[in-house]
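Heads up: the structure comes next, in structure tokens.
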């Protein structure tokens with residue numbers, strides 16, 4: 001039998017084993033009240049940046065649907081985006097402003113998502129030997145969905161903004177034609193539709209999740225928030241997918 | 001020499017309780033007690049063993065006062081102490097209902113409920129402090145039940161005529177314990193309490209006649225450690241687990257109090273155990289513990305058994321005129337609401353007659369059919385829904401459709417270490433609080449009084465009285481592991497554990513514990529006889545002898561070893577059980593939870609014998625046979641009467 | 001009943017563990033899950049093997065000690081604690097997997113026993129009301145609206161078992177932490193420390209290495225006391241509010 005002898009012999013201070021004052025398992029780091037160092041802080045950043053992107057998507061889908069009113073109106077809308085805010089804003093400044101905000105949101109969203117995911121994986125390094133069906137569905141769709149969307153955005157910008165990987169002749173200022181070009185290829189349609197489904201799933205959990213993170217959620221609002229998330233997800237996905245479907249069916253040509 | 005050769009020593013008296021009018025005694029004592037200068041308090045270390053209501057509240061309060069507290073619990077967290085399982089509520093003489101309650105009435109009810117075997121001074125203090133406890137707990141954020149006006153709700157409990165029980169649904173113990181745990185946590189964070197979880201006290205260190213520390217085992221590493229202090233407080237709970245099956249938690253044990261007893265602390269009234277009438281009956285030999293169903297069920301449920309012996313028909317097929325509502329029959333005026341001890345004994349009697357129901361015939365029906373017919377299912381559900389759910393989960397029977405089956409079970413031990421008015425044991429510097437001491441409940445505890453006593457001791461009494469001891473012993477000589485007294489205790493502890501590990505026999509610890517429990521339940525349970533107790537006193541040493549020959553404890557002492565923990569606790573049960581039986585044999589009267597069949601009235605009720613037994617029996621340990629010291633009990637304010645519930 | 005058990009065996013924190021297979025026979029459907037393990041352990045002791053270590057104490061579902069993941073579910077298939085789970089929830093011949101809580105903040109001590117002291121430290125960081133003994137005002141001095149008292153109680157029911165952490169794919173302790181914050185912050189007695197409480201407890205929770213919340217809801221599904229998922233949103237709200245008020 002091991003015997004730990006007392007090291008401190010003073011009557012008022014006698015103490016014994018090494019485990020005495022030290023907690024059984026010390027915290028892995030020092031607690032801090034900092035915003036960014038907190039999981040809730042990071043989640044707040046994710047929620048806020050997600051909502052900015054969501055607002056952008058709503059505007060984006062509204063603009064996209066103009067494609068159904070013909071090339072003049074669609075191209076005109078695209079042109080307006082560049083002169084948005086004129087005359088007080090210089091040419092394309094409004095657009096760049098939006099792009100900067102959006103880029104910051106994407107960056108913040110991605111960085112917080114990456115850091116939180118790493119933290120989460122570290123917090124639960126060992127899996128259960130007994131695997132259950134359907135567990136952590138939402139978390140996994142959010143993580144993989146997020147990565148799919150990030151890749152899609154790169155392709156999407158290279159395809160329809162810079163034209164780098166655009167099929168056929170990309171023409172600046174002729175977005176209507178460019179859209180038709182993209183959706184005339186099988187892979188353009190496939191990538192786009194898969195990505196839009198991912199958008200739907202991501203928005204569905206993300207919107208509700210953001211409401212919880214920002215503390216808007218409670219038992220009373222639960223149904224309302226869930227419903228709103230469903231409607232937003234469905235409307236965005238349907239709205240976006242309508243364009244390639246329109247091109248494929250010849251409604252848009 | 002056997003325990004039967006005990007002798008009677010000098011009488012013992014409580015030297016600390018002041019004289020004078022009873023309502024002023026606590027004030028007088030607090031004034032007379034010496035104080036410790038706040039600046040000097042941090043130089044004093046106080047060991048507190050246990051983190052239940054008494055230990056948790058004491059540790060937090062002593063630390064708030066500036067003492068350096070070193071606290072222990074065998075659980076993985078101080079929040080898990082078994083106080084957490086108390087359901088019903090906590091009494092306090094607030095008189096919020098304006099129904100005639102008062103401190104004096106709570107005092108009176110408690111002395112009478114204890115069948116005149118408690119000290120008046122202590123009980124009165126308890127009643128006085130009860131009101132402060134509620135204030136304290138509310139301030140801590142304990143979510144007591146409230147009424148729509150935002151004020152505290154109360155209910156009546158345990159057969160008293162006033163509504164003085166404060167509650168938090170069926171989880172009052174949990175909420176009060178978490179309040180104490182949170183207060184303790186605050187002091188741990190402040191560095192005033194050094195908390196040792198998963199560390200079990202194995203012995204007491206007494207140096208120059210004073211309690212100076214403990215020997216403990218780190219349950220994770222197996223390391224045997226010594227801890228020194230200026231005073232030691234035991235808040236380690238009751239010893240109901242001697243019976244193997246009880247409503248106590250699996251790991252609740254008697255080691256701390258028994259080891260302290262062996263080191264000189266007198267053990268008082270060990271035979272006073274409370275058997276609670278409404279527990280879920282056991283289903284088979286695999287049963288590891290019993291679950292209590294709140295006593296409140298007896299307000300609306302009717303208790304019955306078949307009139308015929310060995311009637312195995314399902315309850316629904318037994319016609320009304322073949323049922324025996326025996327409590328209503330024997331006690332027409334109190335009916336199903338007779339006190340705990342009477343209800344328990346009546347259930348045992350009908351089962352002994354062969355009229356019990358359920359597996360093994362160890363159960364009686366608690367039937368809600370009439371209540372459901374009278375109030376409607378919804379009203380019954382609102383009142384008892386959570387209890388019915390719990391019952392159904394355990395038994396897989398739906399109590400809305402078939403009657404519940406209940407049977408008595410060991411629930412609480414009124415006996416414990418003898419303490420004076422200051423809660424100090426006969427070992428100077430060793431204090432015992434909560435269920436670990438014997439002081440306030442006499443021979444029977446009233447419902448909702450255990451929580452009150454634990455918190456009164458921990459928050460208010462001990463923190464006031466321990467000052468006096470520390471002030472009178474300001475500069476204790478340092479103690480080290482080299483001190484001969486310490487070496488001896490350490491060696492004994494190690495030898496005991498090593499012996500347990502080395503026997504390598506062919507029986508498991510549980511098998512011995514179960515065997516001991518059966519003997520105790522049979523002979524020292526609800527009804528006791530001289531012959532039975534003598535049988536038990538013969539059987540227990542035999543079991544003990546067999547234990548040391550055939551025990552098998554796997555593994556080593558240098559690791560997390562739950563079998564070793566268990567076996568070491570059984571060592572103490574095997575000794576304590578003998579003292580319980582001896583005390584029961586010596587007390588040839590019936591009082592409260594202690595029923596001697598030889599001492600009953602012609603109609604079968606308990607006959608108390610104040611002429612011969614109006615004393616607390618304080619037992620001193622000697623290596624040969626115990627020595628009995630009697631503390632005479634005098635009643636100046638509540639005059640002893642024979643209880644009658646017919 | 002006869003059952004096949006696959007149980008996680010690990011000698012101590014410093015060694016690797018593995019699943020071991022045992023056969024238990026003569027199991028009664030009336031046994032609790034822990035009594036079934038008792039039966040196994042009695043056999044193991046007599047065979048000279050090391051019995052399976054697991055935490056347990058009150059065995060009536062309130063102390064929060066028991067902590068087994070049974071077939072991938074914290075506390076097993078029923079919504080209760082392991083000690084209140086009975087063998088009638090299984091079928092004769094079943095193979096049952098028994099594992100410890102898994103989270104890096106809850107390291108395994110031995111077999112099925114884990115170290116949950118991180119929970120204690122979260123409470124120590126602020127899960128209390130500073131009300132030294134003797135300082136309390138008369139209990140009726142501050143009425144508490146019944147709705148608030150009931151809400152506080154609903155959260156105070158948490159038994160600190162850690163099933164929420166075990167069930168969460170991120171090993172997050174948000175449900176546990178939110179339960180205590182919502183218990184105390186809704187009461188007038190808890191108001192003076194409302195901000196520091198949530199900031200400090202969340203900081204400690206993060207420092208202990210628990211994961212973040214991705215709102216999968218697994219915690220609330222596993223919770224034997226039914227602490228609801230919206231508690232987490234309420235804690236987030238308290239945290240954001242405290243961030244604005246405390247600099």
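Chains as they are written, first to last, in the UniProt record's numbering: chain A, 1 to 253; chain B, 1 to 646; chain C, 1 to 247. Backbone N, C-alpha and C fix where the C-beta goes; we use that ideal spot for every residue, glycine too.
Would the segment 582-589 of chain B count as touching the segment 212-227 of chain B if we require 3 or more Cβ pairs under 8 Å?
The segment 582-589 of chain B makes no contact with the segment 212-227 of chain B, as fewer than three CB pairs between them are under 8 Å.
Determine the contact status of residue 403 of chain B and residue 391 of chain B, defining contact as a CB-CB distance below 8 Å.
Not closer than 8 Å, so no.
Test item: CB-CB of residue 64 of chain A and residue 180 of chain A under 8 Å:
no
Please report whether the beta-carbon of residue 23 of chain A lies at a distance below 8 Å from any beta-carbon of chain C.
With a pLDDT of 43 at residue 23 of chain A, under the threshold of 50, the modelled position of that residue is not reliable, and the figure given next carries that caveat. True, the Cβ-Cβ gap to chain C drops below 8 Å.
Return no unless some Cβ of chain A is closer than 8 Å to the Cβ of residue 248 of chain C.
Because chain C in this structure spans residues 1 to 247, residue 248 of chain C falls outside the shown range and cannot be described.
Step through the CB atoms of chain A and report whether any lies within less than 8 Å of the CB of residue 87 of chain C.
no
Using the C-alpha atoms, what's the distance from residue 580 of chain B back to residue 57 of chain B?
29 Å
Alpha carbon of residue 14 of chain A to alpha carbon of residue 126 of chain B, nearest angstrom:
Bear in mind that a pLDDT of 36 at residue 14 of chain A, under 50, signals an unreliable position, so the model cannot answer this.
So, does the segment 129-141 of chain B touch the segment 86-94 of chain B, judging by three or more C-beta pairs under 8 Å?
yes
Verify whether the separation of the beta carbon atoms of residue 230 of chain C and residue 79 of chain C is less than 8 Å.
Inclusion of residue 230 of chain C and residue 79 of chain C in the CB contact set at 8 Å is not warranted, their separation being larger than that value.
For residue 106 of chain B and residue 164 of chain B, believed in contact at Cβ under 8 Å, the rounded distance:
7 Å
When C:65, C:203 and C:5 are compared against residue 92 of chain C, the one with the closest alpha-carbon:
C:5
Once the 5 residues before and after residue 1 of chain A are set aside, which same chain residues still bring their CB inside 8 Å of it?
With a pLDDT of 38 at residue 1 of chain A, under the threshold of 50, the predicted position of this residue should be treated as unreliable, though the coordinate-derived value follows. Cβ neighbours of residue 1 of chain A beyond the five flanking positions: none.
Reducing DSSP to helix, strand and coil, say where residue 32 of chain C ends up.
In the structure shown, residue 32 of chain C sits in a strand (DSSP, three-state: E or B).
Does any CB atom of chain A fall closer than 8 Å to the CB of residue 202 of chain C?
So yes, residue 202 of chain C belongs to the interface.
Which residue's Cα is closest to the Cα of residue 232 of chain C: A:106, A:219 and A:152?
Ranking A:106, A:219 and A:152 by Cα distance to residue 232 of chain C puts A:219 first.
Proximity winner among B:349, B:199, B:14 and B:37, relative to residue 77 of chain B (alpha-carbon distances)
Taking only the C-alpha atoms, the option nearest residue 77 of chain B is B:199.
Considering only the alpha carbon of each residue, which of B:311, B:337 and B:327 lies closest to residue 294 of chain B?
B:337
Which of the three DSSP states is assigned to residue 235 of chain B in this structure?
coil
Does the Cβ-Cβ distance between residue 508 of chain B and residue 46 of chain C come in under 8 Å?
yes
I need the straight-line Cα distance from residue 69 of chain A to residue 196 of chain A, nearest angstrom please.
For residue 69 of chain A and residue 196 of chain A, the distance between alpha carbons rounds to 22 Å.
Bounding residues of the beta strand (DSSP E) (the contiguous stretch that carries residue 546 of chain B):
Counted as a single uninterrupted DSSP element, the stretch harbouring residue 546 of chain B is not any beta strand (DSSP E) but the alpha helix (DSSP H) occupying residues 530-550.
For residue 306 of chain B, does the count of other Cβ atoms within 10 angstroms reach 16, so buried, or fall short, so exposed?
buried
May I ask you to list, following chain order, the residues of the segment 541-572 of chain B that have a beta carbon less than 9 Å from some beta carbon of chain C?
From the segment 541-572 of chain B, only 552, 553, 554, 555, 559, 560, 561, 562 and 563 have a Cβ closer than 9 Å to chain C.
Pairwise C-alpha distance: residue 235 of chain A and residue 52 of chain B:
Going by the C-alpha atoms only, they are around 57 Å apart.
Taking the continuous alpha helix (DSSP H) assigned at residue 180 of chain C, which residues delimit it?
174-185
State whether the segment 456-471 of chain B contacts the segment 230-242 of chain B, with contact taken as three or more CB pairs (one from each stretch) at a distance under 8 Å.
The segment 456-471 of chain B vs the segment 230-242 of chain B: in contact.
Measuring only between beta-carbons, confirm whether residue 35 of chain A sits less than 8 Å from chain C.
yes
My output table needs one value for residue 653 of chain B: the three-state DSSP class, helix, strand or coil.
As shown, chain B starts at 1 and ends at 646. That puts residue 653 of chain B outside it, with no answer to give.
Between the segment 512-522 of chain B and the segment 541-559 of chain B, are three or more C-beta pairs nearer than 8 Å?
yes
Using C-beta distances below 7 Å, list every residue in its chain close to residue 23 of chain A, excluding the 5 sequence neighbours before and after it, in chain order.
For residue 23 of chain A, the predicted structure reports a pLDDT of 43, less than 50, and the residue's modelled location is therefore unreliable. A value from the coordinates is still provided. No residues qualify anywhere along the chain.
Could you spell out the range, first to last residue, of the beta strand (DSSP E) harbouring residue 4 of chain C?
3-9
Would you please verify whether the beta carbon of residue 228 of chain C is less than 8 Å from any beta carbon of chain A?
Yes - at least one Cβ of chain A is within 8 Å of the one on residue 228 of chain C.
Go ahead and pull the three-state DSSP assignment for residue 38 of chain C.
helix
Any beta-carbon of chain B closer than 8 Å to the one on residue 178 of chain C?
no
Helix, strand or coil: which one does DSSP assign to residue 123 of chain C?
helix
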